[in-house]
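Okay, structure first, notes after.
Residue numbers (the working numbering): -11 to 385.
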């Protein structure tokens, strides 16, 4: 073999080797490479799904915290119960605070309502569809005993909403992933139950706003006297709190009148005697018979279902201020077989005030920017009492 042929052989071998490598590489990509790429792409999709579920879990946790604060803000502004008829009256001719357990359960309902609303509005920009079950119930772990002992004055409670099933599908339906969201979050830096507890002490204390208004039925300036009673109640309320809380009052309504009254039957001992010329005013009695008192208040608040509360429209929660101070005296129409007779007039007084306290220790998240928590209730008193007798001569027929 010539030298020229020998020198050509390695070149041919190299060319054949390169060709074989190219063929094998092409075959590998054909049979294995595309499968690997598909697996990698599918794994990438799975990771994307997982990331979206984790994002939804994080969003749900923040939604529960926010919903808890929002529910507490709403209940504080409505006297502890969500009733569209108005703010709950904690004094109605006597102590009338809502039951702690009832208020707690109402708060839980609204936490759960807001939580499902927020999660229901969660959106993503990827071509995926998310399905999830609504949370059936939320509950914060407080009890009347722990509240009254001040254990939750700074919050320090957990809100448990249980589990919700979540399902994510690709829009082409080829990939589906399911998971569960479990929510149990700690709530701090809210003093709702501190404000509630102090208002409860104030409403139950004797004497209170209602008793002081009762004394005002004897006054010729009854509404002015009622305002003094409200001021005294405000001072008592303010004394219950620390320096972070500031309280104020507002006059919702006051109505006073003096009208002819039944002097009573001499045989009854519950009313002043017709034969007595001394002044024996009776104790206050509840003015709830017809006609109804001029001032009204929500003395029987109920927890409305959240869907009912928010779906109905309303303009205002309280009536316009109606502050009058009337003195009505007309001639008695009672006659006796004597030259002179004593007529007992009925003094009527109805007053309704709002009492609100603002806690500046923490700014709590709500609608808009975080702000101090405001707790507001109403106090209502409506009384009538027999006033000192007046002698009329001659006795009218």
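Cβ atoms here follow ideal geometry from the backbone N, Cα and C, with glycine treated the same way.
Since we're looking at a predicted model, the values are computed, not measured.
Distance, residue j Cα to residue i Cα
i: residue 97; j: residue 160; result: 38 Å
i: residue 296; j: residue 213; result: 40 Å
i: residue 289; j: residue 69; result: 7 Å
i: residue 148; j: residue 129; result: 8 Å
i: residue 123; j: residue 36; result: 25 Å
i: residue 113; j: residue 90; result: 42 Å
i: residue 121; j: residue 163; result: 20 Å
i: residue 232; j: residue 362; result: 12 Å
i: residue 355; j: residue 105; result: 14 Å
i: residue 294; j: residue 101; result: 7 Å
i: residue 125; j: residue 51; result: 14 Å
i: residue 144; j: residue 170; result: 20 Å
i: residue 132; j: residue 275; result: 33 Å
i: residue 372; j: residue 298; result: 38 Å
i: residue 346; j: residue 135; result: 19 Å
i: residue 348; j: residue 219; result: 22 Å
i: residue 67; j: residue 47; result: 30 Å
i: residue 359; j: residue 273; result: 42 Å
i: residue 107; j: residue 178; result: 23 Å
i: residue 357; j: residue 351; result: 9 Å
i: residue 256; j: residue 370; result: In this prediction, residue 256 has a pLDDT of 25, which is less than 50 and means its spatial position is unreliable; nothing more can be read from the coordinates.
i: residue 150; j: residue 49; result: 12 Å
i: residue 353; j: residue 237; result: 25 Å
Option in the options with minimal Cα separation from residue i
i: residue 282; options: 368, 85, 237; result: 368
i: residue 42; options: 334, 167, 215; result: 167
i: residue 57; options: 109, 146, 110; result: 146
i: residue 239; options: 290, 226, 46, 215; result: 215
i: residue 229; options: 141, 118, 352, 152; result: 141
i: residue 53; options: 175, 73, 86; result: 175
i: residue 95; options: 341, 120, 55; result: 55
i: residue 127; options: 218, 59, 196; result: 59
i: residue 222; options: 243, 187, 242; result: 187
i: residue 244; options: 224, 125, 206; result: 206
i: residue 39; options: 354, 165, 66; result: 165
i: residue 138; options: 109, 182, 107, 173; result: 182
i: residue 242; options: 62, 284, 158; result: 284
i: residue 366; options: 61, 208, 81; result: 81
i: residue 185; options: 173, 92, 109; result: 92
i: residue 196; options: 103, 49, 341; result: 341
i: residue 73; options: 291, 353, 364, 370; result: 291
i: residue 173; options: 62, 103, 374; result: 103
Residue range of the alpha helix (DSSP H) that includes residue i
i: residue 295; result: 294 to 299
i: residue 186; result: 180 to 192
i: residue 218; result: 210 to 226
i: residue 356; result: Run containing residue 356: none; DSSP gives neither H nor E here.
i: residue 147; result: Looking at the DSSP string, residue 147 is not in any alpha helix (DSSP H); the run it does join, the beta strand (DSSP E), is 145 to 158.
i: residue 136; result: 132 to 136
i: residue 97; result: 88 to 108
Expected contact under 8 Å - CB spacing of residue i and residue j to nearest Å
i: residue 180; j: residue 64; result: 6 Å
i: residue 83; j: residue 191; result: 5 Å
i: residue 198; j: residue 79; result: 5 Å
i: residue 204; j: residue 343; result: In fact, because the Cβ distance is near 17 Å, the residues do not count as touching under 8 Å.
i: residue 201; j: residue 339; result: 5 Å
i: residue 286; j: residue 87; result: About 15 Å; that fails the 8 Å criterion.
i: residue 337; j: residue 210; result: 5 Å
i: residue 99; j: residue 44; result: Contact flag wrong, Cβ pair sits at about 19 Å.
i: residue 194; j: residue 224; result: Between residue 224 and residue 194 the Cβ distance is about 11 Å, and since that is not below 8 Å, they are no contact.
Terminal residues of the beta strand (DSSP E) in which residue i lies
i: residue 167; result: 164 to 175
i: residue 119; result: 116 to 120
Residues bridged to residue i (per DSSP)
i: residue 368; result: 80, 340
i: residue 238; result: 342
i: residue 198; result: According to DSSP, residue 198 bridges with nothing at all.
i: residue 112; result: None, per the DSSP bridge assignment.
i: residue 244; result: 337
i: residue 347; result: 233, 361
i: residue 286; result: 76
i: residue 373; result: 335
i: residue 127; result: 148
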